[in-house]
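Taking the numbering used here as reference, the numbering of the sequence shown is continuous, increasing by one, and the terminal residue is 328.
Just so you know, even glycine gets a beta-carbon here, dropped at the ideal spot from N, CA and C.
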Amino acid sequence: MADRSGWEAKYRSAARSIPDPDTFLCEARSYLPRHGVGAAADVASGGGRHALRLARWGFRVQAIDYSDEALRLCSERAAASGLKIETACVDLESPVVDLGIDRFDVVSVFNYLHRPLIPILKQSLRPGGIVIYKTYTRKQLQFGTGPKNPDFLLDENELPQLFAGFRHLLYRETCASEAAAALIAQRP
Ligand SMILES: C[S@@+](CC[C@H](N)C(=O)[O-])C[C@H]1O[C@@H](n2cnc3c(N)ncnc32)[C@H](O)[C@@H]1O
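Next comes the structure, spelled out in structure tokens:
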């Protein structure tokens, strides 16, 4: 996976058009509060393709990433779409990272893993709040794309264990064109 300067370069040269969100986000919609009422965080948001969709559904969204270029791109895309997104430049791997407590109704994470962040994500959700999490598993190594470092790849059945204590609403591991684990879970 790229380092910070690599991400900055990627987003600096990215197209201004908005890529489609992962279809898992759309699948998760039926588990979310109706009419998009509430606060959402898109964590490791990149250029905000998931943040923008959550905002379109009516959530007050904060896009969180450590790449200024990603957040600038996200804000530009939001403005061009007539949407409002708050951005926060945060190093999610800092030992003092703080996303607040009982703050969000929805937290989405796509294509990012830093295991020590999971308890911080859990406590940032309000009771009843929903986490939508999808990222690569170790089986992705066979495809030769995506992260190579095992620290960034989930083990089999690991994602539900990371969200132990939550109510698991949907869990799936797939290995087709990519190998990923996807979870929707609710804070009790
Ligand atoms: C593979 S991209 C995923 C972007 C987005 N979630 C998506 O699926 O389109 C990973 C993102 O994680 C961000 N990232 C990586 N390490 C980070 C860190 N330590 N703190 C905050 N963001 C980080 C990168 O800047 C990048 O935007």
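Original post:
Buried or exposed: which applies to G268, given that a residue is buried once 16 or more other Cβ atoms fall within 10 Å of its Cβ?
Top reply: Here residue 268 corresponds to residue number 128 of the sequence shown, with the count starting at 1. Burial call: exposed.
Original post:
Since R278 contacts P259 with CB under 8 Å, what's their CB separation in whole angstroms?
Top reply: Position 138 of the sequence shown, counted from the start, is the residue given in the question as residue 278. Position 119 of the sequence shown, counted from the start, is the residue given in the question as residue 259. Between P259 and R278 the Cβ distance is about 22 Å, and since that is not below 8 Å, they are no contact.
**OP:** Going by DSSP, name the residue or residues bridged to A319.
**Re:** Counting from one through the sequence shown, the residue named residue 319 turns up at place 179. Within the DSSP secondary-structure output, A319 pairs in a beta bridge with C315.
Original post:
Can you tell which of L302, R266, I158, I270 has its C-alpha closest to the C-alpha of L257?
Top reply: Indexing the sequence shown from 1 puts residue 257 at position 117. If we check each option's Cα against that of L257, L302 comes out closest.
Original post:
For Q280, which residues of its own chain have a beta-carbon under 8 Å away from its beta-carbon, when the five flanking residues on both sides are left out?
Top reply: For the purposes of this step, residue 280 is taken as the residue at position 140 of the sequence shown. Once the five neighbours on either side are set aside, the close Cβ partners of Q280 are G286, P287, L293, E318, A319, A320.
Subject >> Contact set for Y151: own chain, Cβ-Cβ below 8 Å, skip 5 residues either direction >> reply: Along the sequence shown, read from residue 1 onward, the residue named residue 151 stands at position 11. Residues of the same chain with a CB within less than 8 Å of the CB of Y151, apart from the 5 flanking positions on each side, are G186, G187, S207, E209, A210, R212, L213 in chain order.
Subject >> Own chain residues within Cβ distance below 7 Å of L265, not counting five before or after >> reply: Walking along the sequence shown from the start, residue 265 turns up at place 125. Excluding sequence neighbours, L265 sits near F244, V247, V271, R327.
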